[in-house]
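Line by line, the protein sequences give chains R and W. For what it's worth, the working numbering labels the leading residue of the first sequence as 224, then goes sequentially. For what it's worth, the working numbering labels the leading residue of the second sequence as -8, then goes sequentially. Here a beta-carbon is modelled for each residue, glycine too, at the ideal position from N, C-alpha and C. To keep things clear, I will list the structure first and then write my remarks on it.
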Amino acid sequence: MRHIVIVGAGECGARAAFALREKGFDGEITLIGAEPHLPYERPPLSKEGLAGAEQPKYVAGAERYQAARITVLTDAPVARIDRSGKAVKLADGRSVTYHRLLLATGARPRTFPGAPENSERIRMLRTHADALAIRAALAPGRKLAVIGGGFIGLELAATARKLDAEVVLIEGLPRVLSRGVPEEIAAVVAEQHRREGVEIVCGARITAIEDNGASACVVVADGRCIAADLVVVGIGAVPNTELAEAAGIAVDNGIAVDRTLRTSDPDIFAAGDCCSFPLQQHGGRRVRLEAWRNAQDQGTLAAANLIGGAEHIASVPWFWSDQYELTLQIAGLADGAALTVRRDMEEGAFILFHLDGGGRLIAASGVGPGNAVARDIRLAEMLIAAGARPDPEALASPETKLKKLLAA
Amino acid sequence: MSSNWVEVCAADEIDEEDVIRFDHEGRTFAVYRSPDDEYFATDGLCTHEHIHLADGLVMDDIIECPKHNGRFNYKTGQAKGAPVCVNLRTYPVKVEAGSVFIAIS
């Protein structure tokens, strides 16, 4: 019997399940998740989802799973994969057999070494439950220390300021957003945070995070304690590869897949945050992305290939972040750029276009109020996908419509 | 159902294969000019997260939300797949004496 089992009920797993039906798969589909909820969107957790919502923003309501005949098992952690018996063994003893398996196990927050594990004052942000707990600890005048100046830490800082909490953000590197965001854009973001009252401490070497019973303490290298009512650690994510690894599936900074998302076991695919894959626009370099759009795109692609397709990953990496009224959008990966040109737009918005040594556009990073940069970043994404070598002067000139360059 | 024709703008204020935002009496609309020079109108906000579609990109007969790339056919309002699953409402449009009008019911 044909039965496709998906381990991991997040954005990617849910998208794959629906895409299987949309593409005409008629066998059984079982989606297995460890959380008590139906699949929900994680991006709101550091934004409006933290600030207010009691319920997560579901990818789809229960009736849509029913209508699509998708069995969703919630609260169902997986213990192991039995490849020879082609079955997924759940922690509660149940066994679910598959003919094809998709691993969409996601990632989990990286922990700070030595930080106490079950402290109410020291937390991380990945799940709806995490967001509710952080929300409950924030109130006007409460002090939040955010560890890590990446997207999650900065978004959380912005949301906490909206709730009138005091915020200090502590970053180990010399600036915020070191990974994947150009310095010019990071500076705009950092300046906005300072204007909104966030204290940003860069280049800090944190030696310990402690809970002393009445408050939490972030100890920095000179021995100083930065005290806070709540510490949230946002220092990156690690892929959930343990199930794959224990089953003998190849892992290389993520579950290693080929350009069709197939793992080293031909009946098992992996997609989303948990997998590393060859990125076509960067000469097949193996990358792993932690991004909402990637989770969706790969979920859809995995569905096509689980039912016999041979489609290749072709999406350009795409990220966004909302902080206060600012939105950042990034298409492509800028590392390896030989030339960067800046296009200034209305209301202080701007886009940096990154070209490689051969003049090929490889990335575009934009920041501005609202959706000021969205349309041009989308067009840049299409230029990147097309392997275009646009004239740098044309890119820099706001008078040149990018749509014209795409048609050229 | 009574319709109420409302003037939006001069026809040449919308570029070909483009969209503008139009606010009227507390409601917001998106008004499109297709590559083959026809005009269309839909509700102005994406059905996924209430983002103004007029900041998005028009390609052929598709409008793409600027935030999360939800896609709709702006001629029919049909949602074209994740993350959007609820169709957009469309409105009749006419061009008279060089101006675009939409019928708001």
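Would you call residue i buried or exposed, if buried means 16 or more other Cβ atoms sit within 10 Å of its Cβ?
i: W/W(-4); result: exposed
i: W/A102; result: A question about residue 102 of chain W goes unanswered here, because the residues of chain W that appear run from -8 up to 96.
i: R/E234; result: buried
i: W/D46; result: buried
i: R/T253; result: buried
i: R/E604; result: buried
i: R/S588; result: buried
i: W/H41; result: exposed
i: R/P332; result: buried
i: R/N517; result: buried
i: R/R225; result: exposed
i: R/N435; result: exposed
i: W/K58; result: buried
i: W/R80; result: exposed
i: R/S620; result: exposed
What are the boundary residues of the beta strand (DSSP E) that residue i is part of?
i: R/I293; result: 293 to 296
i: W/E(-2); result: -5 to 1
i: R/K366; result: 366 to 370
i: R/I408; result: Where R/I408 is concerned, there is no enclosing beta strand (DSSP E), although the alpha helix (DSSP H) it sits in stretches over 406 to 418.
i: W/K85; result: 84 to 87
i: R/A360; result: Unbroken run through R/A360 is the alpha helix (DSSP H), 351 to 360; no beta strand (DSSP E).
i: R/A274; result: Careful: R/A274 lies outside any beta strand (DSSP E), inside the alpha helix (DSSP H) at 271 to 274.
i: R/L392; result: 389 to 393
i: R/A630; result: Careful: R/A630 lies outside any beta strand (DSSP E), inside the alpha helix (DSSP H) at 625 to 630.
i: R/E422; result: 422 to 424
i: R/V301; result: 301 to 305
i: W/V75; result: Neither: W/V75 is in no beta strand (DSSP E) and is coded neither H nor E.
Excluding the five sequence neighbours on either side, which residues of its own chain have a C-beta within less than 6 Å of the C-beta of residue i, listed in chain order?
i: W/N78; result: G68, Q69, A70
i: W/A32; result: F20, V22, Y82, V84, I93
i: R/A514; result: F542
i: R/A232; result: L254, G256, P262
i: R/V411; result: V590
i: R/R482; result: P501, H535, I536
i: R/P615; result: V564
Using a Cβ-Cβ cutoff of less than 7 Å, which residues in the same chain neighbour residue i once the five nearest sequence positions on both sides are dropped?
i: R/A525; result: A239, L325, L484, F492, A494
i: W/G89; result: A1, A2
i: R/E569; result: A595
i: R/I530; result: L243, K246, F248
i: R/P259; result: T297, D298
i: R/R358; result: L273
i: R/A330; result: A460, V461, P462, N463, D496, C497, E513
The alpha helix (DSSP H) with residue i in it runs from where to where?
i: R/T207; result: Coverage of chain R is limited to positions 224 through 631, which leaves residue 207 of chain R absent and any answer about it impossible.
i: R/D558; result: No alpha helix (DSSP H) holds R/D558; DSSP gives it neither H nor E.
i: R/I472; result: Where R/I472 is concerned, there is no enclosing alpha helix (DSSP H), given that its DSSP letter is neither H nor E.
i: R/A239; result: 234 to 245
i: R/P615; result: 615 to 619
i: R/D599; result: 597 to 608
Checking the sheet assignment: what are the DSSP bridge partners for residue i?
i: R/T223; result: Residue 223 of chain R lies beyond the range of chain R shown here (224 to 631); nothing can be said about it.
i: R/I553; result: R/F542, R/S588
i: R/I449; result: R/V441
i: R/T253; result: R/V228, R/T294
i: R/I375; result: Paired residue(s): none; R/I375 is not in a bridge.
i: R/D488; result: DSSP lists no partner for R/D488.
i: R/D567; result: R/F573
i: W/T19; result: W/D14
i: R/F500; result: R/V510
i: W/M50; result: W/I53
i: R/F335; result: None; R/F335 has no bridge partner.
i: W/F92; result: W/E(-2), W/K85
i: W/N64; result: W/I53
i: W/H43; result: W/L36
i: R/L578; result: R/L562, R/L584
Skipping 5 residues on each side, what residues in its chain have a beta carbon closer than 8 Å to that of residue i?
i: R/R447; result: none
i: R/R417; result: I423
i: R/R509; result: D475, N476, A479, S499, F500, P501, L502
i: R/G559; result: H505, D579, I585
i: R/I432; result: F335, G337, A338, P339, I345, I370, A439, C440, V441, V442, V454, V456
| query | With contact counted as at least three CB pairs below 8 Å, one residue from each stretch, are the segment 445 to 458 of chain R and the segment 366 to 379 of chain R in contact? | reply | yes
| query | Counting Cβ pairs, one atom from each stretch, are 3 or more of them under 8 Å apart for the segment 471 to 484 of chain R and the segment 393 to 411 of chain R? | reply | no
| message | Quick check: the segment 381 to 388 of chain R against the segment 560 to 580 of chain R, are at least 3 beta-carbon pairs closer than 8 Å? | response | no
| Any 3 or more C-beta pairs closer than 8 Å across the segment 306 to 315 of chain R and the segment 260 to 271 of chain R | no
| query | Taking one C-beta from the segment 272 to 282 of chain R and one from the segment 293 to 303 of chain R each time, how about it: are there three or more such pairs within less than 8 Å? | reply | Counting C-beta pairs closer than 8 Å gives fewer than three between the segment 272 to 282 of chain R and the segment 293 to 303 of chain R, which falls short of the contact rule.
| query | Between the segment 545 to 559 of chain R and the segment 611 to 623 of chain R, do three or more beta carbon pairs fall short of 8 Å? | reply | No, the segment 545 to 559 of chain R is not in contact with the segment 611 to 623 of chain R.
| request: Determine contact between the segment 551 to 559 of chain R and the segment 400 to 415 of chain R, defined as no fewer than three beta-carbon pairs at a distance below 8 Å. | output: yes
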